[in-house]
Amino acid sequence: MVEDHDKENKVMVDLQSLEDWLTYANDLVPVALEKAREVKGFQGRWKLIISKLEQIPTRLSDLSSHPCFTKNKLCKEQLQAISKTLNESVEMSEKCCKDKQEGKLQMQSDLDALSGKIDLNLRDCGLLIKTGILGEVASSGVESTSQGSGNITELLARLQIGHLEAKHKALDNLVELMREDEKTVLPFLGRSSLSALVQLLTATSPIIREKAVTLICTLAESGTCNGLLVSEGVLPPLIRLLESGSSVGREKSAIALQRLSMSGEIARLIAGHGGVQPLIEGCCMGDSVSQASTTCTLKNLSVIPELHQTLVEEGVVRIMIGLLDSDVLLVFKEYAAECLQNLTLSNDDIKQSVIMEGGIRSLLTYLDVGLPQEPAVRTIRNLVGSISAETLISLRLLPRLMHVLKTGPTGAQTAAIGTICRICDSLEVKKVVGESGCIPLLIKLLEVKANEVREVAAQALASLMTLGCNAREVKRDTRSVPSLVQLLDPSAQNTAKKYAVCCLGVLSSSKKCRKVMVSYGAIGYLKKLKEMDIIGSKKLLERLQRGKFRSFLG
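Residue numbers (UniProt numbering): 1 to 554.
Below you can see the structure in the form of structure tokens.
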């Protein structure tokens with residue numbers, strides 16, 4: 001038997017042409033069937049194997065009649081694989097007939113493995129014929145010049161057919177090609193190749209899983225096929241890798257989930273597949289890249305209002321506040337602050353949860369060292385209605401807000417002024433705010449280019465000026481009236497005009513201020529605002545015109 005097997009191996013080595021391999025495989029089928037039918041033991045398993053062997057001639061006929069049969073080496077490799085399996089079947093039959101098996105359990109295992117190989121051969125033949133791989137590989141002319149790895153379409157096809165070792169090599173080449181220039185690979189990715197790639201995330205080999213998730217991570221970062229990846233079921237295996245994969249697997253899956261979660265629809269699916277708890281655990285363990293990615297993914301999920309309750313129940317509030325208090329990179333703190341900002345937009349219970357966990361103090365501490373300041377200030381703005389202004393002032397909120405007004409970017413300044421407006425709910429608080437030195441800063445911000453900053457600055461001044469001492473401080477600042485008059489501009493882009501009218505209405509009690517208003521052209525602006533029915537513009541216009549008429553008479 002050993003001599004016969006050696007002869008068969010020699011024949012396989014000597015075969016050259018595709019036609020020789022086809023003939024060889026076709027000739028082997030009846031031999032394998034005859035030998036299989038002679039076996040007396042393990043009848044159930046051999047009956048199943050025989051039924052599968054009987055399907056091989058049809059698959060060989062379909063494969064050889066394909067128009068592209070002779071145009072690529074995939075067909076030859078497939079014939080070689082089938083021939084090898086048929087030879088193994090013959091050898092296994094002879095073992096069983098001559099009672100050469102090493103044990104019943106071992107033989108059962110060997111027969112199951114043989115049955116699986118025949119299944120793989122039949123499946124791969126079917127894929128080659130039905131999915132168009134043969135035509136794609138034959139027609140594609142794109143080659144890898146740097147790695148000598150052959151046709152890109154062929155590499156993608158190898159993800160779908162053949163044994164794991166071949167898929168491993170194909171993955172190596174594709175990862176390298178994507179690293180060099182992903183644009184050479186992306187145009188050739190289709191549903192079938194992406195599906196095969198996703199299936200490799202659950203391969204028994206840890207190395208295969210790492211290669212597959214590395215490639216999927218690169219694809220997710222490119223953003224070109226995220227919808228297809230998700231439709232082919234990429235999320236559950238990515239989440240499992242995040243939970244229990246190797247360090248490489250966790251890092252790459254974390255990055256992939258971060259990029260995928262930028263889509264609101266996909267973010268919902270991540271939560272639906274049980275991804276929240278693994279993401280929370282990822283914030284607290286692993287390397288800094290994985291931690292940053294999982295924290296950012298949770299921030300992305302927090303944008304979806306219907307996910308807020310799930311996130312809170314899983315403990316995300318405590319985790320994010322913990323990150324603000326920890327000695328971690330500032331990017332972690334930024335993501336944590338943004339997550340809390342999203343969670344506290346409207347739900348009062350969540351706001352109370354953040355306050356009870358000490359979130360206010362943590363956010364204020366972050367403001368002292370953290371950049372960017374905007375997410376922390378916006379979160380505080382969301383919370384001010386759920387905590388007394390007196391408490392916020394005692395926590396030195398105002399000095400920190402003034403620092404943001406002086407140094408912060410536009411978004412942070414807008415949020416800081418909005419926070420000031422929200423805490424000014426009583427005359428006592430307005431007095432404290434006025435005495436803190438905010439008013440000169442707000443007047444200065446009336447002159448900035450950013451329209452949203454000018455609007456909220458004017459709104460804050462209008463609120464503060466309902467208190468006489470604050471109005472007098474605004475009046476003493478020589479920049480206030482000219483800046484406010486400029487904000488009477490009736491253009492649609494200027495959204496601060498109604499607040500400017502309100503402020504100037506308070507200042508118009510002063511003869512000196514009225515003169516400055518007139519000299520800077522307030523009457524012309526107010527005539528247009530009167531036609532637009534801006535509240536207070538008619539009354540202010542009449543007061544200025546009356547004062548101007550009196551000056552004329554004098």
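C-beta: ideal position from N, C-alpha, C; glycine also.
query                                                                                                     : result
Continuous alpha helix (DSSP H) stretch holding TYR335: start and end                                     : 330-343
Boundaries of the alpha helix (DSSP H) in which ALA256 is found, first to last residue                    : 247-260
ALA25 versus ARG37: straight-line alpha-carbon distance, rounded                                          : 19 Å
Local Cβ density within 10 Å of SER293, reported as buried at 16 or more and exposed below that           : buried
PRO278: first and last residue of the uninterrupted alpha helix (DSSP H) it sits in                       : 276-283
Short Cβ contact (8 Å threshold) for LEU363 with ILE380                                                   : yes
The ligand NAD heavy atom lying under 7 Å from the CB of ARG240                                           : Annotation note on the ligand NAD: not contained in the displayed structure, which lists no ligands.
SER146, DSSP secondary structure in three states                                                          : Interpretation of SER146 is limited by its pLDDT of 37, a score under 50 that renders its predicted location unreliable; the figure taken from the coordinates is listed afterwards. Coil.
Anticipated Cβ contact below 8 Å, ILE417 with VAL456, distance rounded                                    : 4 Å
Whole-number beta carbon distance between HIS168 and ILE208, since they are thought to touch under 8 Å    : 6 Å
Contact check, VAL230 vs ILE216, beta carbons under 8 Å                                                   : no
Residue of GLY434, GLU232, LEU461 and PHE332 minimising C-alpha distance to SER483                        : LEU461
Endpoints, alpha helix (DSSP H) assigned at MET402                                                        : 397-407
Enclosing alpha helix (DSSP H) for ILE355 [first to last residue]                                         : 348-356
Closest residue to GLU374 among ALA389, ASN347, GLY411 and LEU343 (Cα-Cα distance)                        : GLY411
Closest by C-alpha distance to VAL312, when choosing among CYS503, VAL369 and LEU340                      : LEU340
Where ASN494 falls: helix, strand or coil (DSSP)                                                          : coil
Unbroken alpha helix (DSSP H) run spanning MET320, endpoints                                              : 316-325
Residues near ALA496 in its chain [Cβ-Cβ closer than 6 Å; skip 5 each side]                               : ARG454, GLU455, ALA458 and LEU487
Validate contact between the segment 63-72 and the segment 84-95 using beta carbons, cut 8 Å, 3 pairs     : no
Unbroken stretches of the beta strand (DSSP E), 3 residues or longer, contained in the segment 54-125     : none
Contact belief for ARG378 with ALA415 at Cβ below 8 Å, rounded distance in angstroms                      : 4 Å
Neighbourhood of residue 558 by C-beta, 7 Å cutoff - its chain only, sequence neighbours within 5 removed : Since the first residue of the chain shown is 1 and the last is 554, residue 558 is not available in this structure.
Buried or exposed (CB count within 10 angstroms, at least 16 for buried), MET517                          : buried
Rounded separation between ILE239 and GLY275 - CA only                                                    : 6 Å
Proximity of VAL316 and SER253 at Cβ, strictly below 8 Å                                                  : no
Whether SER261 touches ASN300 by CB criterion (8 Å)                                                       : yes
Three-state secondary structure (DSSP) of ARG454                                                          : helix
Proximity to ARG158 [Cα-Cα], best of PHE188, VAL185 and ALA196                                            : ALA196
Neighbour-count burial assignment, GLU143, 16 or more Cβ in a 10 Å radius                                 : With a pLDDT of 40 at GLU143, under the threshold of 50, the modelled position of that residue is not reliable, and no figure is offered here.
Whole-angstrom distance between GLU94 and HIS5, CA atom to CA atom                                        : Only weak support is given to the placement of HIS5: the predicted model assigns it a pLDDT of 49, under 50, and the value that follows is read from those uncertain coordinates. If I take the Cα positions, the gap works out to 11 Å.
Which of helix, strand or coil DSSP assigns to GLY223                                                     : coil
Neighbourhood of GLU452 by C-beta, 6 Å cutoff - its chain only, sequence neighbours within 5 removed      : THR414
Beta-carbon proximity check, LEU504 vs LEU540, cutoff 8 Å                                                 : yes
Boundaries (first-last residue) of the alpha helix (DSSP H) holding VAL432                                : 427-435
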